[in-house]
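For reference, the structure is listed below as structure tokens.
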Amino acid sequence: MKDRNLLKGLFLAAVAVIFGVGATRYDIGHVERAGPGFFPLMVSSFLFLLGAGMAVRSRFMKPEAIYFNVKNIAIIMGSLAGFAAFSHYVNMISGIVFLVFVSTLAGTSYSIRRNAIISAVLVAIAFVFQRGLGLQLPLY
Amino acid sequence: MEIIHNLAFGFGHALTLHNLMFCAIGCVVGTFVGLLPGLGPLATISLLLPLTFSIDTGGALIMLAGIYYGAQYGDSVSAITMKIPHASSIVACIDGYQMTLKGKTGLALFTAGVSSFIGGTVAIVVLAALAPALGEVALKFGPADYTALMLFGFVCVSFVTTGSLLDGLAMCMVGVLLGQIGTDVNSGVARYTLGLPFLMDGVGLVSVALGCFGIAEITKNLDSREERTPFSGKIKLMPTWPEFKRIIPSALRGSVVGSFLGILPGGGPVIAQFAAYAIDRKVSKYKDEIGTGAIEGVAGQAAADEAAARTSFIPLMSIGIPENAVMALMMGAFIIKGIQPGPNMIAQHPDLFWGLVASMWIGNCFLLILNVPMVRYLLSIFKIPYVVLFPAILFFCCVGTYSVNNSLEDVFVTAAFGLMGYVMLRLSLDPAPLMLGFILGPMLEENFRRSLLLSRGSFTVFMARPISGTLMSLIALFVVWQMTVFVRDVRKARRLAPA
Numbered sequence: 003m004k005d006r007n008l009l010k011g012l013f014l015a016a017v018a019v020i021f022g023v024g025a026t027r028y029d030i031g032h033v034e035r036a037g038p039g040f041f042p043l044m045v046s047s048f049l050f051l052l053g054a055g056m057a058v059r060s061r062f063m064k065p066e067a068i069y070f071n072v073k074n075i076a077i078i079m080g081s082l083a084g085f086a087a088f089s090h091y092v093n094m095i096s097g098i099v100f101l102v103f104v105s106t107l108a109g110t111s112y113s114i115r116r117n118a119i120i121s122a123v124l125v126a127i128a129f130v131f132q133r134g135l136g137l138q139l140p141l142y
Numbered sequence: 060m061e062i063i064h065n066l067a068f069g070f071g072h073a074l075t076l077h078n079l080m081f082c083a084i085g086c087v088v089g090t091f092v093g094l095l096p097g098l099g100p101l102a103t104i105s106l107l108l109p110l111t112f113s114i115d116t117g118g119a120l121i122m123l124a125g126i127y128y129g130a131q132y133g134d135s136v137s138a139i140t141m142k143i144p145h146a147s148s149i150v151a152c153i154d155g156y157q158m159t160l161k162g163k164t165g166l167a168l169f170t171a172g173v174s175s176f177i178g179g180t181v182a183i184v185v186l187a188a189l190a191p192a193l194g195e196v197a198l199k200f201g202p203a204d205y206t207a208l209m210l211f212g213f214v215c216v217s218f219v220t221t222g223s224l225l226d227g228l229a230m231c232m233v234g235v236l237l238g239q240i241g242t243d244v245n246s247g248v249a250r251y252t253l254g255l256p257f258l259m260d261g262v263g264l265v266s267v268a269l270g271c272f273g274i275a276e277i278t279k280n281l282d283s284r285e286e287r288t289p290f291s292g293k294i295k296l297m298p299t300w301p302e303f304k305r306i307i308p309s310a311l312r313g314s315v316v317g318s319f320l321g322i323l324p325g326g327g328p329v330i331a332q333f334a335a336y337a338i339d340r341k342v343s344k345y346k347d348e349i350g351t352g353a354i355e356g357v358a359g360q361a362a363a364d365e366a367a368a369r370t371s372f373i374p375l376m377s378i379g380i381p382e383n384a385v386m387a388l389m390m391g392a393f394i395i396k397g398i399q400p401g402p403n404m405i406a407q408h409p410d411l412f413w414g415l416v417a418s419m420w421i422g423n424c425f426l427l428i429l430n431v432p433m434v435r436y437l438l439s440i441f442k443i444p445y446v447v448l449f450p451a452i453l454f455f456c457c458v459g460t461y462s463v464n465n466s467l468e469d470v471f472v473t474a475a476f477g478l479m480g481y482v483m484l485r486l487s488l489d490p491a492p493l494m495l496g497f498i499l500g501p502m503l504e505e506n507f508r509r510s511l512l513l514s515r516g517s518f519t520v521f522m523a524r525p526i527s528g529t530l531m532s533l534i535a536l537f538v539v540w541q542m543t544v545f546v547r548d549v550r551k552a553r554r555l556a557p558a
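Going down the list, the sequences are from chains A and B. For the first sequence, the numbering used here assigns the number 3 to the initial residue and increments by one for each residue that follows. For the second sequence, the numbering used here assigns the number 60 to the initial residue and increments by one for each residue that follows.
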């Protein structure tokens, strides 16, 4: 299952299935009076054909290796989600600090002092945004 | 002669010290705000709209136009240097970012600036000459014609993608499907919202763009664990004469394509960039280099983008129909000032109309004067080590998505699209066509359903009308041509490697 071309086809087909199955829950209607489900069902059917075709075609091609670094993308997702959660439940300053300290775990080196400086600068920039540009940031 | 008279009239209004000042302020503020990764023209205009409330009508509109162009240029700078684009600079990410990787950021930014100037100048001539008449062309477009136009746009995409034609079309469809999330305009049914109220309005363009391009790119850079410092010595700003000569033809091609596509509602800057890039890839003298950081890849799309941004004022000011979100916002600004954009606007407020047209050009000059010397300072961002830069970029992405609707849910959505963007990147699927599909998807569905409603379910309507018929035959021709090319390549490959 390490073949990129096969996974590409399967990924597209999976997106098509998710949206296609979802579309059947809405009224399909008929051609002259299309319901909300008509268009997504049509597009996802085409996409499914394309995706399935690519998956089949990959069996006749030389497999290409796929590289996937779960750790880095997980760290980035986590830092973004944490930023939103902290900003919601505490305030955005804590969100910024969380974002900086967690996201830099994916970097080449880690330094608490450097992270403290980055956080301080970003908080200052956020204040400039809030006061100068009138962005509604819930900083504190 | 009437054009010259009208333009002179307009310049007379725009060149007052007062209006000149507003134009300059708008450009500068717009560029700076647009530069911040995560804030595109739409966000910038909505942020700065309140600034114009206290200014008189003429000055306010001129300043808004300045903000718009400034934001758009600032945007392409963040696309070229950091691969963080918005709707107006998706194509700039392709060759522009490649040029950055080659250490030619200065040249790429200069090319983008000059090409926008060329595109803007051509478009203003078009705008002044044709605005009154061209509005009527747009009125001739029926739903079937729009559908065909958008399908044509999707096919154009196959030129743009770095992968194959099929990959590009598939990504377009994924984009169209993502555009389905939210409330269906025809029936009011909430589709694919998973019961979450904030998805009723659909997922935000900014979230999709930042996730698929910005966050995916950051993660990719982190994966490769390289300390990226391409600039150590002096940065060369001005192009050499042979380089400069390469800018001109593709900028002119882009200007013409952009001016035309900008007029069509549903066309606008996004399709224009893709179309100009596609044309350059086929006819440019250096077409083999495009995609790997060629000057043409930046010049053509920048000119088309700027030209289309300008001519997209035509449907707004001549028939009162905003063709995209930015124009809708501009329309709002007009209405706040007590002016109803529409066929009567040119007749009732000639000073505003022609003054705005003239100030667009003046704004362009300001951009050129401002940006050429500023580029040097913009580049100092690369002197910052990546381990410091990337948390800051993530922060700007968060603030950018948040401030569109002041909603933290959008930050979660952006994170989700970041994951999707990363998966697609690793599957070597190009997200640029996805963006096109996402932007045009809702319009495509609306027009598709409307044309079938009007034709009572008969698909022949797409062939029968002259405009859509022509576009459809172009698509068919194109598909046949691509298939012959494909078959020929396969045969050639078989001959070369008999196995």
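Note that the Cβ used here is the ideal one computed from N, Cα and C, for glycine as well.
- Query: Of all the CB atoms in chain A, is at least one closer than 8 Å to the CB of Ala558 of chain B?
  - Reply: With a pLDDT of 46 at Ala558 of chain B, under the threshold of 50, the modelled position of this residue cannot be trusted; read the value that follows with caution. By this cut-off, Ala558 of chain B is not an interface position.
Quiz item: If you drop the 5 nearest sequence neighbours on each side, which residues of the same chain put their C-beta closer than 7 Å to that of Ser309 of chain B?
Solution: Excluding positions up to five away in sequence, the list reads Asp339, Ser343, Glu355, Ala358, Gly359.
**Report entry** For Leu493 of chain B and Ala118 of chain A, the rounded distance between their alpha carbons
**Finding:** 38 Å
query = Between the region 237-262 of chain B and chain A, which residues of the former have CB atoms less than 8 Å from a CB of the latter, in chain order?
reply = Gln239, Asp243, Asn245, Ser246, Val248, Arg250, Tyr251
By DSSP's criteria, Ala67 of chain A is part of a beta bridge. Which residues make up the other side? A:Asp5
- Query: How is Val546 of chain B classed by DSSP in three states: helix, strand or coil?
  - Reply: Secondary structure of Val546 of chain B (DSSP, three-state): helix.
Taking only beta-carbon positions, decide if Pro38 of chain A is within less than 8 Å of chain B. For Pro38 of chain A, the answer is yes, since a Cβ of chain B falls inside 8 Å of its Cβ.
| request: Just the C-alpha distance for Ala268 of chain B and Ile114 of chain B, rounded to the nearest angstrom, thanks. | output: 33 Å
Review point. So Thr278 of chain B and Ile98 of chain A are in contact, right, with Cβ under 8 Å, and what is the actual spacing, rounded?
Key: Thr278 of chain B to Ile98 of chain A, Cβ: 20 Å. No contact.
Alpha carbon of Leu253 of chain B to alpha carbon of Gly414 of chain B, nearest angstrom:
48 Å
(message) Taking the beta carbon of Pro100 of chain B as the centre, do at least 16 other beta carbons fall within 10 Å, making it buried, or is it exposed?
(response) Label assigned to Pro100 of chain B: buried.
* Please check the pair Ile62 of chain B and Ala182 of chain B, which I expect to be a contact at CB under 8 Å, by giving their CB distance rounded to whole angstroms. => About 14 Å; that fails the 8 Å criterion.
query: Excluding the five sequence neighbours on either side, which residues of its own chain have a C-beta within less than 7 Å of the C-beta of Thr164 of chain B, listed in chain order?
result: Residues of the same chain with a CB within less than 7 Å of the CB of Thr164 of chain B, apart from the 5 flanking positions on each side, are Ile139, Thr140, Met158, Leu438 in chain order.
Checklist entry - Using a Cβ-Cβ cut-off of 7 Å (strictly less than) and excluding sequence neighbours within five positions of Asp369 of chain B, which residues of its own chain qualify? => result The amino acid occupying residue 369 of chain B in the given sequence is Arg; Asp does not appear at that position. Contacts found: Gly179, Ala182, Ile183, Leu186, Gly321, Met419.
For a cutoff of 8 Å on Cβ pairs, would you count Tyr142 of chain A as touching chain B? Taking 8 Å as the threshold, the shortest C-beta distance from Tyr142 of chain A to chain B does not fall below it.
- Please confirm if the region 257-272 of chain B is in contact with the region 474-482 of chain B, defined as three or more CB-CB distances below 8 Å between the two stretches. yes
Between B:Trp540, B:Met522, B:Lys551, which has its C-alpha nearest Gly201 of chain B's C-alpha?
B:Met522
query: How would you call Gly292 of chain B, buried or exposed, if buried means at least 16 neighbouring beta carbons within 10 angstroms?
result: Only weak support exists for where Gly292 of chain B lies, its pLDDT of 45 falling under 50; the value from the coordinates is given anyway. Gly292 of chain B comes out exposed.
| said: Taking 8 Å as the threshold (beta carbon to beta carbon), is Cys457 of chain B in contact with chain A? | reply: yes
* Asked: With Ala130 of chain B and Val92 of chain B assumed to form a contact (beta carbons below 8 Å), what rounded beta-carbon distance in angstroms separates them?
  -> 6 Å
Given a cut-off of 8 Å on the beta-carbon distance, is the pair Leu166 of chain B and Pro298 of chain B in contact? Between Leu166 of chain B and Pro298 of chain B, the CB-CB gap stays under 8 Å.
message = Using 8 Å as the cut-off, can you tell me whether the region 99-115 of chain A makes contact with the region 453-473 of chain B, which would need three or more C-beta pairs spanning the two stretches below that distance?
response = yes
Fill in: Residue-chain proximity (Phe454 of chain B, chain A), Cβ-Cβ < 8 Å
yes
Q: With Thr75 of chain B as the anchor, note down where its alpha helix (DSSP H) starts and where it stops.
A: First-last for Thr75 of chain B: undefined, no H or E at that position.
*Between Glu276 of chain B and the rest of its own chain, which residues show a CB-CB distance below 7 Å, the 5 nearest in sequence each way excluded?*
Result list for Glu276 of chain B: Lys142, in chain order.
Exercise. Just mark His408 of chain B as buried or exposed, buried being the case when its beta carbon has 16 or more other beta carbons within 10 Å.
Key: buried
Could you tell me which residues DSSP puts in a beta bridge with Thr106 of chain A? Answer is none; Thr106 of chain A lacks a bridge partner.
Thinking just about the alpha-carbon of each residue, which of B:Arg553, B:Gly212, B:Phe471 is nearest to the one in Leu258 of chain B?
B:Phe471
Quiz item: Does the separation of the CB atoms of Leu79 of chain B and Ala417 of chain B fall below 8 Å?
Solution: no
Check whether Ala203 of chain B and Arg508 of chain B have beta carbons under 8 Å apart:
no
- request: Starting from the beta carbon of Thr278 of chain B, find every residue of chain A whose beta carbon is closer than 7 Å, and list them in chain order.
  value: Within chain A, the residues near Thr278 of chain B are Asn74, Ile75, Ile78.
Margin query: Please identify the residue among B:Ile177, B:Phe70, B:Asp134 whose C-alpha is closest to the C-alpha of Ala363 of chain B.
Written below: B:Ile177
Point to revise | Simplified DSSP assignment, three categories, for Gly55 of chain A | key: helix
Secondary structure of Ala249 of chain B, DSSP reduced to three states:
The answer is strand: DSSP assigns Ala249 of chain B an E or B state.
- Closer than 8 Å to chain A by CB, Pro100 of chain B: no
Three-way DSSP call (helix, strand, coil) for Gly292 of chain B in this model: With a pLDDT of 45 at Gly292 of chain B, under the threshold of 50, the modelled position of this residue cannot be trusted; read the value that follows with caution. In the structure shown, Gly292 of chain B sits in coil (DSSP, three-state: anything other than H, G, I, E or B).
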